[in-house]
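Visitor: Protein chains in written order, with the working numbering: chain G, 3 to 295; chain L, 15 to 253.
Take a look at the following structure, please.
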Amino acid sequence: MADFIQQLVEGLGSGAIYASLALALVLIYQFTGIVNFAQGELAMFSTFIAWSFVQAGVPFWLALILTLAVSFLGGMAIERIVIRPVEGAPELTLVIVTLGLFILVNAAAGWIWSFLIKDFPSPFPESALHLGGVSLNYSTLGVLGVVAAVMGVLYALFRFTKIGLAMRAVASNPASARLSGVRVGRVLALGWGLAATVGAVSGVLVAPVLFLEPNMMGGVLVYAFAAATLGGFDSPLGAVVGGLVVGVAETLAGAYVGAIGSDLKIGVPLAIIIGVLLVRPQGLFGRAAVERA
Amino acid sequence: MSGFLTVAGLHAGYGAGRVLHGVDLTVEEGEVCAILGPNGAGKTTLLRALCGLIRTTGTVRLDGADLPRNRPEAVARRGVAHVPEGRGTFAPLTVEENLRVGAYTRRDRAAVAADIDRVYGYFPVLGKRRGQAAGSLSGGEQQMVALGRALLARPRLLLLDEPSLGLAPLVTRELFEIIRTVNRDERLTVVLVEQNAHLTLEFADRAHVLETGRIALSGAADDVRADDRVARSYLGIGG
Ligand SMILES: Nc1ncnc2c1ncn2[C@@H]1O[C@H](COP(=O)(O)OP(=O)(O)O)[C@@H](O)[C@H]1O
Ligand SMILES: [Mg+2]
Chain G
3 MADFIQQLVE GLGSGAIYAS LALALVLIYQ FTGIVNFAQG ELAMFSTFIA WSFVQAGVPF
63 WLALILTLAV SFLGGMAIER IVIRPVEGAP ELTLVIVTLG LFILVNAAAG WIWSFLIKDF
123 PSPFPESALH LGGVSLNYST LGVLGVVAAV MGVLYALFRF TKIGLAMRAV ASNPASARLS
183 GVRVGRVLAL GWGLAATVGA VSGVLVAPVL FLEPNMMGGV LVYAFAAATL GGFDSPLGAV
243 VGGLVVGVAE TLAGAYVGAI GSDLKIGVPL AIIIGVLLVR PQGLFGRAAV ERA
Chain L
15 MSGFLTVAGL HAGYGAGRVL HGVDLTVEEG EVCAILGPNG AGKTTLLRAL CGLIRTTGTV
75 RLDGADLPRN RPEAVARRGV AHVPEGRGTF APLTVEENLR VGAYTRRDRA AVAADIDRVY
135 GYFPVLGKRR GQAAGSLSGG EQQMVALGRA LLARPRLLLL DEPSLGLAPL VTRELFEIIR
195 TVNRDERLTV VLVEQNAHLT LEFADRAHVL ETGRIALSGA ADDVRADDRV ARSYLGIGG
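Quick look at the structure:
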């Protein structure tokens, strides 16, 4: 039992990381209808920026805040420079553009920081918290805490602020929002900025586990896609729940299903994606159109 | 040229398809102006052109100053509220959130709260459903939300695109009466696009008939109602 709880918490820890990248995917999908294949690479790039700050002697938490700020501005800039010109283009064009961005960002990171793996510091203590036979790593608890804080901030932004209301209006009906005086272009840029920021959190949290290198986020992106598909691409809450479920499923399958073990557990997200698309394509929390004509 | 809203030589369309071929139109401050015309005449296109949703040539002036082109958000900030065909509901947002989006450009919080209550006064059913997702409301209720959202901008000019579409006659009449009340109490200028000519001519001060992208006939609502051509084409009277 103690072992099971431990696996569960570990699963939630990885799940929280998938959840933040999935949330980034969902944010952009909601505002622009674009599935951003480059989201993981942007997160990786942000993580390198954090690493550079830390190398330069900046304390970790300050480095994190600076990185989030840079990522926010970077996300807005990408929307302006790369996405705005192809706004409203056919879906395939948009997919190709984000794949191009993927390759560009990946190559740029390799060119700037090289493809050699780097140690990325964990801000949390190495030790574990012992609770009646269960030992919980502070690093896992820390990840859960950071992701919970990010979700809380986003929730408050969307629920309680005027700009959050405008963002939800744009996600729902951009033309109508425009008629109410909402500057939709700014909202879209803001959406990309927020997504890049949330994605950066996932990169910084996963780097101490995986080592930092330009291809670090490839696997994480697959899990994030599984999470977003499971939760529903149009539901931020779904992305979070989906991420946690995927993380737990992956960890438990790796631990308890002998045939899967740690080698095959990358198959878990794929199985989830296919299963969801077959049974409930809009995902657990996705909207199956509540609109009435 | 006098007039609160003046439109001259307005051309607009979609890509190669021209729809408006030089529309001239004057709307006086405080009047309810009806735009009638058959399906496909370009009524919706005219409203879209006025508020900058599509590219145009020609002039559109509000209170003596040109309206910005191709920037609907800027036109909205100049005091033009547009209730689009299909109502423009923010389906997942609650009724109250829909209304608050309408007040997006305003900073006077207390007055916004009072205006929201005023809309609930006009439409008590919206007050009862303030926390409900707007997409789950009936068509008539969504039209009320759309009108309420437009009013929350405290506009100087209200553009309404076929508010009666899909509504029961009684609901339509109720809606028109509220539009008339707001028009009278706040001297709000209204441009009302409709196919429902009977009811519209009863409520409007002036009317213009749009046919294949041009104004074919203009006049006081009573005169337009009395016009033979209108009677035959839109009111189902005579032969
Ligand atoms: N988005 C669009 N793209 C291309 N053509 C359009 C579009 N909307 C309307 N049209 C065309 O413009 C003409 C006028 O349409 P519209 O303004 O909607 O007429 P009305 O509102 O008077 O029924 C019609 O021939 C219609 O087919
Ligand atoms: Mg129309």
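Here a beta-carbon is modelled for each residue, glycine too, at the ideal position from N, C-alpha and C.
Treat the numbers as computed from the prediction; the structure is a model and nothing was measured.
Let me have the residue list for ligand 2: C-beta closer than 7 Å to any non-hydrogen atom, ordered along the chain.
Guide: L:57, L:58, L:99, L:175, L:176 and L:207
Visitor: So residue 225 of chain L is in the beta strand (DSSP E); what residue range does that whole segment cover?
Guide: Your numbering for residue 225 of chain L matches position 211 in the second sequence. Here the beta strand (DSSP E) through residue 225 of chain L covers 220-225.
Visitor: Give the secondary structure of residue 242 of chain L by DSSP, where H, G and I count as helix, E and B as strand, and everything else as coil.
Guide: Here residue 242 of chain L is taken as the residue at index 228 of the second sequence, counted from 1. It is helical.
Visitor: For ligand 1, I want to know if residue 28 of chain L counts as a neighbour, meaning its beta carbon is within less than 7 Å of at least one of the ligand's heavy atoms.
Guide: Residue mapping note: residue 28 of chain L aligns to position 14 of the second sequence, counting from 1. Correct: residue 28 of chain L has its Cβ closer than 7 Å to ligand 1.
Visitor: Please state whether the Cβ-Cβ distance between residue 203 of chain G and residue 222 of chain G is less than 8 Å.
Guide: Within the first sequence, numbered from 1, the residue matching residue 203 of chain G stands at position 201. Within the first sequence, numbered from 1, the residue matching residue 222 of chain G stands at position 220. No.
Visitor: Give me, in chain order, the residues of the same chain whose beta-carbon lies closer than 6 Å to that of residue 140 of chain L; leave out the 5 immediate sequence neighbours on both sides.
Guide: Numbered from 1 along the second sequence, position 126 holds the residue referred to as residue 140 of chain L. Correct list, in chain order: 109, 134 and 158.
Visitor: Does the structure place the region 105-123 of chain L close enough to the region 162-178 of chain G that three or more beta carbon pairs sit under 8 Å?
Guide: yes
Visitor: Thinking residue 48 of chain L and residue 221 of chain L are a contact (beta carbons under 8 Å), I'd like their distance in whole angstroms, please.
Guide: Residue mapping note: residue 48 of chain L aligns to position 34 of the second sequence, counting from 1. Residue mapping note: residue 221 of chain L aligns to position 207 of the second sequence, counting from 1. Confirmed, about 4 Å.
Visitor: Can you give the Cα-Cα distance for residue 122 of chain L and residue 137 of chain G, rounded to whole angstroms?
Guide: Mapped onto the second sequence, residue 122 of chain L falls at position 108. Mapped onto the first sequence, residue 137 of chain G falls at position 135. Approximately 54 Å between the Cα atoms of the pair.
Visitor: Tell me whether the beta-carbon of residue 181 of chain G lies closer than 8 Å to the beta-carbon of residue 90 of chain L.
Guide: Residue numbering aside, residue 181 of chain G sits at position 179 when the first sequence is read from its first letter. Residue numbering aside, residue 90 of chain L sits at position 76 when the second sequence is read from its first letter. Yes, the Cβ-Cβ distance between residue 181 of chain G and residue 90 of chain L is below 8 Å.
Visitor: So does residue 31 of chain L have its beta carbon nearer than 7 Å to some heavy atom of ligand 1?
Guide: In the second sequence, residue 31 of chain L corresponds to position 17, counting from 1. At least one heavy atom of ligand 1 is nearer than 7 Å to the Cβ of residue 31 of chain L, so yes.
Visitor: Tell me the DSSP bridge mates of residue 94 of chain L?
Guide: Within the second sequence, the letter at position 80 stands for residue 94 of chain L. The partner list for residue 94 of chain L (beta bridge, DSSP) reads L:171.
Visitor: Between residue 124 of chain L and ligand 1, is there a pair consisting of the residue's CB and a ligand heavy atom that are separated by less than 7 Å?
Guide: Here the question's residue 124 of chain L lines up with position 110 in the second sequence. Because no heavy atom of ligand 1 lies under 7 Å away, the Cβ of residue 124 of chain L does not count as near it: no.
Visitor: Could you give the C-beta distance for residue 63 of chain L and residue 24 of chain L, rounded to a whole number, given that I count them as a contact under 8 Å?
Guide: Sequence index remark: in the second sequence, residue 63 of chain L carries index 49 (1-based). Sequence index remark: in the second sequence, residue 24 of chain L carries index 10 (1-based). Right, the Cβ-Cβ distance comes to about 6 Å (below 8 Å), so this counts as a contact.
Visitor: Ignoring anything shorter than 4 residues, give me the alpha helix (DSSP H) runs that lie fully in the region 80-115 of chain G, in order along the chain.
Guide: Entirely contained in the region 80-115 of chain G, the alpha helix (DSSP H) runs reaching 4 residues are, in chain order, 93-115.
Visitor: Does residue 163 of chain G come out as helix, strand or coil in the three-state DSSP assignment?
Guide: For the purposes of this step, residue 163 of chain G is identified with residue 161 of the first sequence, where counting begins at 1. DSSP places residue 163 of chain G in coil when its eight states are reduced to three.
Visitor: Give the single residue among L:94, L:93 and L:112 whose Cα lies nearest to the Cα of residue 102 of chain L.
Guide: As a working mapping, residue 102 of chain L is identified with position 88 in the second sequence. When each option's Cα is compared against that of residue 102 of chain L, the closest is L:112.
Visitor: Output yes or no for whether 8 Å exceeds the beta carbon distance between residue 111 of chain G and residue 46 of chain G.
Guide: By one-based count along the first sequence, residue 111 of chain G stands at place 109. By one-based count along the first sequence, residue 46 of chain G stands at place 44. Going by C-beta atoms, residue 111 of chain G is nearer than 8 Å to residue 46 of chain G.
Visitor: Indicate, with yes or no, if ligand 1 has a heavy atom lying under 7 Å from the CB of residue 55 of chain L.
Guide: Looking up residue 55 of chain L in the second sequence gives position 41. Flag set: Cβ of residue 55 of chain L near ligand 1.
Visitor: Determine the DSSP secondary structure at residue 229 of chain L, reduced to helix, strand or coil.
Guide: On the second sequence, residue 229 of chain L is found 215 positions in, with the first residue counted as 1. Of the three classes helix, strand and coil, the one that applies to residue 229 of chain L here is strand, per DSSP.
Visitor: Which partner residues does residue 48 of chain L have in the DSSP bridge list?
Guide: On the second sequence, position 34 is the one that residue 48 of chain L refers to. Bridge pairing for residue 48 of chain L: L:206 and L:221 [DSSP].
Visitor: By how many angstroms is the C-alpha of residue 75 of chain G removed from the C-alpha of residue 270 of chain G?
Guide: Translated into positions along the first sequence, residue 270 of chain G becomes position 268. Translated into positions along the first sequence, residue 75 of chain G becomes position 73. Residue 270 of chain G and residue 75 of chain G: Cα-Cα distance of roughly 35 Å.
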